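Sequential numbering of the sequence shown, starting at 0, is according to numbering that gives the first Met the number 0. Contents: one structure, followed by commentary.
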Amino acid sequence: MIDLHCHLLPGIDDGPATLDDALALARAMVADGIVQAVATPHVFPGRFDNTRGSIAPVHAAFCQRLAQEGIALRLHVAGELRLSAELLDRLGSGDLPFLNQDGPRPRAMLLEMPDGQVPLGTDRLCAAFSRQGIVPLIAHPERNRGVMERLDRILPLLDAGCQLQVTAGSLLGDFGERAQDTAWDLLDRGHVAVVASDAHNLRGRAPRMSAARELLAQECGEPMARRLTQDNPARLCGLA
Numbered sequence: 000m001i002d003l004h005c006h007l008l009p010g011i012d013d014g015p016a017t018l019d020d021a022l023a024l025a026r027a028m029v030a031d032g033i034v035q036a037v038a039t040p041h042v043f044p045g046r047f048d049n050t051r052g053s054i055a056p057v058h059a060a061f062c063q064r065l066a067q068e069g070i071a072l073r074l075h076v077a078g079e080l081r082l083s084a085e086l087l088d089r090l091g092s093g094d095l096p097f098l099n100q101d102g103p104r105p106r107a108m109l110l111e112m113p114d115g116q117v118p119l120g121t122d123r124l125c126a127a128f129s130r131q132g133i134v135p136l137i138a139h140p141e142r143n144r145g146v147m148e149r150l151d152r153i154l155p156l157l158d159a160g161c162q163l164q165v166t167a168g169s170l171l172g173d174f175g176e177r178a179q180d181t182a183w184d185l186l187d188r189g190h191v192a193v194v195a196s197d198a199h200n201l202r203g204r205a206p207r208m209s210a211a212r213e214l215l216a217q218e219c220g221e222p223m224a225r226r227l228t229q230d231n232p233a234r235l236c237g238l239a
């Protein structure tokens with residue numbers, strides 16, 4: 000499997016605080032059946048002031064350590080970009096970490112909304128990204144309270160060119176019944192492009208990809224399970 004969304008790099012966001020914790024999480028991801036992953040640290044100005052340039056050396060050093068430890072995880076790097084109007088202003092700066100920064104176009108960005116709502120104007124902002132050849136991939140919409148309350152709030156984002164990434168743990172009920180129901184409703188409507196772990200640690204946010212993939216295969220068929228956990232992540236990250 001390819002895990003397109005995880006917080007694995009140590010010490011730069013709310014993922015592992017130490018190198019040892021990060022290595023333990025990487026081992027758990029491999030044991031869970033993940034062979035490639037994209038480290039997506041938060042890019043949230045004022046809280047996690049990560050940029051493409053600041054993330055790159057952390058990624059390079061961690062990949063070197065993975066090799067030294069014999070951990071068979073091919074690790075790519077991007078970021079989970081907090082939704083804000085200033086993202087448009089930063090597009091030309093080269094400091095935004097896209098999912099396929101150096102791969103073929105169109106580029107894709109992992110975009111995080113606030114947990115409590117779909118902010119007014121999100122569809123217009125995403126449409127502006129789409130016009131510039133960028134695919135906005137919305138992270139875990141099933142955990143957004145606005146979407147949980149009314150599923151059709153996601154439709155303008157789909158119309159604006161967005162794709163959706165659902166969390167593996169949501170499908171399994173790890174984030175509560177409402178998030179689980181919303182995740183499966185989005186799947187049933189054909190709105191989901193990717194299932195990813197959004198793993199942060201080995202306590203409450205461990206990788207759950209293999210269990211989610213097995214459930215997807217049972218409920219939706221093996222071809223769908225493969226598309227959501229292998230084919231579509233590879234396409235969006237330029238690995239296909």
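Glycine included, each C-beta is placed from N, C-alpha and C at the ideal position. Since this is a predicted model, take the numbers as computed values, not measurements.
Between the CA atoms of residue j and residue i - distance to the nearest angstrom
{"i": "Ala251", "j": "Phe61", "result": "It is not possible to answer for residue 251, since the shown part of the chain is limited to 0 through 239."}
{"i": "Met112", "j": "Ile137", "result": "8 Å"}
{"i": "Ser129", "j": "Leu163", "result": "14 Å"}
{"i": "Val146", "j": "Leu171", "result": "18 Å"}
{"i": "Leu18", "j": "Asn231", "result": "30 Å"}
{"i": "Ala216", "j": "Gly168", "result": "15 Å"}
{"i": "Gly69", "j": "Thr228", "result": "24 Å"}
{"i": "Pro140", "j": "Thr166", "result": "9 Å"}
{"i": "Arg226", "j": "Pro44", "result": "33 Å"}
{"i": "Leu201", "j": "Asp2", "result": "16 Å"}
{"i": "Ala59", "j": "Glu85", "result": "28 Å"}
{"i": "Leu82", "j": "Ala71", "result": "33 Å"}
{"i": "Gly11", "j": "Pro40", "result": "Inspection of the sequence shows that residue 11 is occupied by Ile rather than by Gly. One C-alpha to the other measures close to 7 Å."}
{"i": "Ala66", "j": "Gly93", "result": "28 Å"}
{"i": "Phe47", "j": "Gln63", "result": "24 Å"}
{"i": "Gly189", "j": "Ala127", "result": "24 Å"}
{"i": "Val76", "j": "Leu238", "result": "12 Å"}
Residues near residue i by beta carbon distance below 8 Å, same chain, minus five either side
{"i": "Leu7", "result": "Gly14, Pro15, Ala21, Leu24, Ala25, Met28, Ala36, Ala38, Phe61, Leu74 and Ala198"}
{"i": "Gly32", "result": "Met0, Met208, Ser209 and Arg212"}
{"i": "Leu214", "result": "Leu170 and Leu171"}
{"i": "Val34", "result": "Met0, Ile1, Ala71, Leu72 and Arg73"}
Beta-carbon proximity of residue i to residue j, cut-off 8 Å
{"i": "Phe156", "j": "Asp122", "result": "Here residue 156 is Leu; the residue named in the question, Phe, does not match the sequence. Taking 8 Å as the Cβ cut-off, Leu156 and Asp122 qualify as a contacting pair."}
{"i": "Leu124", "j": "Leu87", "result": "yes"}
{"i": "Val193", "j": "Leu185", "result": "no"}
{"i": "Ala159", "j": "Val134", "result": "no"}
{"i": "Arg51", "j": "Pro9", "result": "no"}
{"i": "Asp114", "j": "Asn143", "result": "yes"}
{"i": "His4", "j": "Ala233", "result": "no"}
Residues near residue i by beta carbon distance below 6 Å, same chain, minus five either side
{"i": "Val117", "result": "Gly145 and Arg152"}
{"i": "Leu235", "result": "Leu98 and Ala107"}
{"i": "Val42", "result": "Asn49, Gly78 and Leu80"}
{"i": "Leu150", "result": "Asp184"}
{"i": "Ala182", "result": "Glu141, Val165, Ser169 and Leu170"}
Bridge partner(s) assigned by DSSP for residue i
{"i": "Ala36", "result": "Asp2 and Leu74"}
{"i": "Phe43", "result": "Phe47"}
{"i": "Leu163", "result": "Ile137 and Val191"}
{"i": "Glu111", "result": "Arg81"}
{"i": "Ala60", "result": "Answer by DSSP bridge pairing: none, since Ala60 is not bridged."}
{"i": "Arg106", "result": "Ile133"}
{"i": "Ala224", "result": "None; Ala224 has no bridge partner."}
{"i": "Ala198", "result": "Cys5"}
Cβ neighbours of residue i in the same chain (closer than 7 Å, five flanking residues each side left out)
{"i": "Leu90", "result": "Gln131"}
{"i": "Asp173", "result": "Arg207"}
{"i": "Leu110", "result": "Leu80, Leu82, Pro135, Leu136, Ile137 and Ala138"}
{"i": "Pro105", "result": "Gly132, Ile133 and Val134"}
{"i": "Val57", "result": "Leu8 and Ile11"}
{"i": "Met223", "result": "Leu215"}
Cutoff 8 Å: residue i Cβ touching any chain C Cβ
{"i": "Asn49", "result": "Absent from the structure: chain C. Only one protein chain is present."}
Heavy atom of the ligand COA within 7 Å of residue i beta-carbon
{"i": "Arg177", "result": "As for the ligand COA, it is missing from this structure, which has no ligand bound."}
Query raised in the report: Do three or more CB pairs link the stretch 22 to 36 to the stretch 189 to 208 at distances below 8 Å?
Result: Three or more Cβ pairs closer than 8 Å define a contact, and the stretch 22 to 36 meets that threshold against the stretch 189 to 208.
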